[in-house]
Amino acid sequence: MQALYAQLLVGLINGSFYALLSLGLAVIFGMLNIINFAHGALYMMGAFVAYFLLNLGGINYWWALLLAPIIVGIFGMILERTMLQWLTGLDHLYGLLLTFGIALIVQGVFQNYFGSSGLPYAIPDQLKGGMNLGFMFLPIYRGWVVIFSLVVCIATWFLIEKTRLGAYLRAATENPTLVRAFGVNVPRMITLTYGLGVGLAALAGVLSAPINQVRPLMGADLIIVVFAVVVIGGMGSIMGSIITGFALGVIEGLTKYFYPEASNTVVFVLMVLVLLVKPTGLTGRAA
Amino acid sequence: MKTTSIASLLLSTALSFAVTGVASAQDKTVKIGALSDQSGLYADLGGPGSTLAAQMAVEDSGLAAKGWKIDIISGDHQNKPDIGTAIARQWFDVDKVDIIVDVPNSGVALAVNNVVKEKNGVYINSGAATSDLTNAQCSPNTVHWTYDTYMLAHTTGQALVKAGGDSWFFLTADYAFGAALERDTSAVVTANGGKVIGGVKHPLNTPDFSSFLLQAQSSKAKIIGLANAGGDTTNTIKQAAEFGIGKGGQKLAALLLFLTDVKAIGLETAQGLNFTETFYWDMNDQTRAFSKRFGEKMKNGAMPTMVQAGVYAGVRHYLKALDALGGNPHDGVKVVEKMKSMPTEDELFGKGEIQPNGRTIHNAYLFEVKKPSESKGPWDFYKLVGTVPGDQAFTPLSESKCALLKK
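Protein sequence lines, in the order shown, are assigned to chains A and B.
Residue numbers for the first sequence follow our numbering, so the first one is 1 and each next one is one higher.
Residue numbers for the second sequence follow our numbering, so the first one is 288 and each next one is one higher.
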């Protein structure tokens with residue numbers, strides 16, 4: 001029984017990454033109608049920026065949590081301005097292919113210079129060590145990841161669903177022409193939204209840097225699972241993607257305990273089942 | 288018009304006969320295929336570095352000056368046996384490749400082994416670990432350089448059991464390599480009076496090991512044996528430190544650890560790990576000289592891993608055999624027989640031999656990872672703890688299950 005509690009907790013930790021990443025994807029899909037396949041590469045860039053800040057600029061983890069999402073977010077906004085914006089109104093496939101191409105290029109460039117094994121990034125001193133919970137030894141850093149990502153997820157949900165700015169955003173997705181008539185600069189708002197989604201990916205990258213290696217392919221390995229999470233949760237649903245992210249982390253954790261060989265397929269099995277029963281995802285609305 | 292075309296046809300046929308006639312006498316063309324994981328979790332320990340090692344071997348062989356024309360091509364098997372065999376078939380059938388080298392990932396290595404045998408090519412494997420390549424699945428076309436699971440089990444594994452680590456829990460990569468390494472190490476553990484109390488199989492290329500580590504922790508085994516490699520091993524070691532596994536009295540056994548893995552983990556976390564390799568760049572003047580030349584040609588200045596060193600040594604020996612034959616017979620079995628008949632000697636592995644089952648025998652070294660304070664440079668990672676002579680490190684012929692030995 002004790003082992004089970006431990007696995008549940010570990011599942012929550014992985015779930016935090018799924019939630020943060022799928023949240024960014026949901027924001028981008030919901031507001032821009034773009035299936036952002038570059039998300040994994042941007043997540044990886046977040047981790048690399050944190051690494052560079054520390055090793056080249058002597059800037060620590062805490063500043064990296066703030067700076068890396070901003071830097072990568074700006075990179076994202078440039079992508080949106082120079083490339084993605086031309087795809088407005090076209091079929092989803094174009095956005096998917098464009099972002100997939102961007103992801104391959106970004107990964108290729110990083111791999112060319114840094115190889116595939118990755119670079120070490122130490123846990124910040126304040127979060128080193130762990131505590132004994134009775135049923136398991138919980139590294140403090142992992143506890144921090146769960147709490148921090150929960151806070152970020154809820155803040156993002158609040159921003160989009162409960163504030164005036166969020167209301168503009170949602171309105172602009174429904175009917176951009178009308179919102180523009182009210183004097184709102186819709187293209188700029190869309191660029192900023194893409195920046196926000198990308199920033200969330202970079203933030204997840206910084207959070208994961210001390211746990212995993214900072215590797216060029218760290219995002220590519222994760223992104224497929226995250227897409228499955230988004231599909232299960234319902235494309236574009238903010239709360240849906242947060243809850244599914246955490247829930248699937250837990251389910252995956254339990255699989256690792258009961259039948260480890262299936263742990264990297266269980267998410268896809270669930271995805272197939274959900275699509276068969278409810279093609280719009282658990283919380284999605286029919287288009 | 289018609290007559291001229293018939294005439295030219297006849298002429299070209301005659302010419303091609305003439306060319307093939309020359310070819311069988313002393314054909315001095317060779318095509319080498321370096322097949323590896325070029326972009327995934329094993330790319331740093333083999334990958335582009337292995338292709339470079341093969342190129343250096345060709346340059347150092349001096350055969351170009353003797354009129355030989357040697358080409359190298361490389362391919363990415365992406366850790367998938369179907370892709371690996373497809374590339375190998377294309378290389379033999381279309382590109383007329385004579386020899387395939389490197390091939391990390393035991394699953395791919397065993398699949399390619401069958402293709403090379405079928406096409407009568409030469410196969411010098413340096414990257415894969417499975418001891419099956421020179422046992423149950425041995426082939427007259429195959430030479431296995433550098434290391435294998437039997438060697439890892441009988442060096443690192445045995446040393447740990449003898450030092451008191453008598454109960455083991457395995458974290459095993461769920462494919463041919465992990466299974467072979469767990470099998471060979473379990474045999475050593477039980478033969479030395481220890482016991483295996485459990486294990487868990489994880490999928491290849493797993494980013495998060497915390498679930499598996501918790502299971503290993505609660506097993507209370509003294510030794511947690513890592514039957515995985517590359518990125519999987521680095522993630523396991525890093526995360527084990529996070530979960531305080533070393534402090535609880537349990538010891539990690541990195542059964543297979545490469546130079547690039549230690550670099551990726553960082554000395555702070557990796558210090559004190561014991562493991563075995565057959566090559567380290569900082570062994571003597573010759574290895575240092577080779578590694579310096581190698582590092583200058585690598586993008587990130589990396590020193591060679593033992594896999595890349597094995598590719599170099601293997602290609603050197605292959606070219607020596609061809610030189611001795613006086614030409615390339617394009618007959619894999621014949622070339623490998625010649626290779627087996629000549630003792631091996633090179634700057635990187637020293638003196639050795641290739642046994643009838645295809646296993647190359649050379650020294651193995653027990654290393655310990657240095658403390659950060661002991662390291663004097665960016666690649667200064669290892670302390671030599673002990674040397675195991677080749678005949679004790681690798682499968683004795685009496686225990687080999689290779690069918691070639693029954694002749």
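Where a beta carbon is used, it is the ideal one built from N, C-alpha and C, also for glycine.
Since we're looking at a predicted model, the values are computed, not measured.
Residue interval of the beta strand (DSSP E) (run including residue i)
i	result
B:SER578	That residue, B:SER578, is in no beta strand (DSSP E); its alpha helix (DSSP H) goes 572–584.
A:LEU217	Note, A:LEU217: premise wrong, no beta strand (DSSP E); not H, not E.
A:ASN264	That residue, A:ASN264, is in no beta strand (DSSP E); it is neither H nor E in DSSP.
B:GLY485	482–489
A:GLY130	130–132
B:ASP435	Premise fails: B:ASP435 is in no beta strand (DSSP E) and is neither H nor E.
B:LEU539	538–541
A:GLY236	Counting along the chain, A:GLY236 falls outside any beta strand (DSSP E), and DSSP gives it neither H nor E.
A:LEU168	Strictly speaking, residue 168 of chain A in this sequence is Tyr, with Leu absent from that position. Here A:TYR168 belongs to no beta strand (DSSP E); instead the alpha helix (DSSP H) covers 164–174.
B:ASN561	561–564
Start and end residues, alpha helix (DSSP H) containing residue i
i	result
B:VAL594	593–612
A:ASN60	Element bounds for A:ASN60: n/a, residue is neither H nor E.
A:HIS92	92–114
A:GLY199	186–208
B:VAL381	B:VAL381 -> no alpha helix (DSSP H), and no H or E assigned at all.
B:ILE319	Unbroken run through B:ILE319 is the beta strand (DSSP E), 316–323; no alpha helix (DSSP H).
B:LYS638	Element bounds for B:LYS638: not the alpha helix (DSSP H) but the beta strand (DSSP E), 637–641.
B:ASN522	517–529
B:LEU671	Note, B:LEU671: premise wrong, no alpha helix (DSSP H); beta strand (DSSP E) at 669–675.
B:ASP347	334–348
Helix, strand or coil at residue i [DSSP, three-state]
i	result
B:GLY649	In the sequence on display, residue 649 of chain B carries His and not Gly. Here B:HIS649 sits in coil by DSSP.
B:GLU686	coil
B:THR459	strand
B:LYS476	Inspection of the sequence shows that residue 476 of chain B is occupied by Val rather than by Lys. B:VAL476: helix per DSSP, three-state reduction.
B:ASP453	coil
B:PHE496	coil
A:ILE13	helix
B:THR547	helix
A:PRO139	strand
B:GLY371	helix
B:GLU632	strand
A:PHE75	helix
B:ASP569	coil
B:GLY533	coil
A:PHE182	coil
Contacting residues, own chain, Cβ-Cβ under 7 angstroms from residue i (five flanking each side not counted)
i	result
B:ASP419	LEU397 and ALA467
B:ILE374	LEU322, GLY362 and HIS364
B:GLN445	VAL475 and ASN479
B:LEU692	PRO643, ASN644 and LEU684
B:LYS525	ILE552 and THR556
Sequence-distant residues of the same chain with beta carbon closer than 8 angstroms to residue i, five excluded per side
i	result
B:GLN558	VAL656, LYS657, LYS658 and PRO659
B:HIS649	THR565, THR631, PHE636, GLY637, LYS638, GLY639 and GLY677
A:ILE238	LEU23, ALA26, VAL27, GLY30, THR156, TRP157, ILE160 and GLU161
B:ASP618	ASN407
A:SER291	Since the displayed chain A opens at 1 and closes at 287, residue 291 of chain A lies outside it and no answer follows.
A:SER117	GLN213 and ARG215
Residue i classed as buried or exposed, judged by whether at least 16 other C-beta atoms fall within 10 angstroms
i	result
B:ARG575	exposed
B:PRO665	exposed
A:LEU23	buried
B:PRO591	buried
A:TRP86	exposed
B:ASP572	exposed
A:TYR5	exposed
A:LEU53	buried
B:GLN504	buried
A:HIS92	exposed
A:GLN7	buried
Neighbourhood of residue i by C-beta, 6 angstroms cutoff - its chain only, sequence neighbours within 5 removed
i	result
B:VAL395	HIS364, PRO368 and GLY371
A:TYR121	TYR51, ALA209, PRO210 and VAL214
B:TYR628	For the sequence presented, residue 628 of chain B should be read as Ser rather than Tyr. Taken in chain order, the list of residues that qualify is empty.
A:GLY245	GLY15, TYR18, ALA19, SER22 and VAL229
A:THR173	MET31
A:THR99	ASN36, PHE37 and ALA38
Inset, instruction - Determine contact between the region 248–256 of chain A and the region 9–22 of chain A, defined as no fewer than three beta-carbon pairs at a distance below 8 angstroms. - result: yes
Legend entry - Three or more C-beta pairs below 8 angstroms linking the region 457–476 of chain B and the region 488–504 of chain B: yes
Inset, instruction - Would you check if the region 594–605 of chain B and the region 383–394 of chain B touch, i.e. whether three or more CB-CB distances between them fall below 8 angstroms? - result: yes
Inset, instruction - Give a yes or no on contact between the region 219–228 of chain A and the region 34–46 of chain A, applying the rule of three or more CB pairs nearer than 8 angstroms. - result: yes
Legend entry - Touching by the beta-carbon criterion (3+ pairs, under 8 angstroms), the region 312–320 of chain B and the region 521–537 of chain B: no
Legend entry - Meets three-Cβ-pair contact criterion under 8 angstroms: the region 670–685 of chain B and the region 435–450 of chain B: yes
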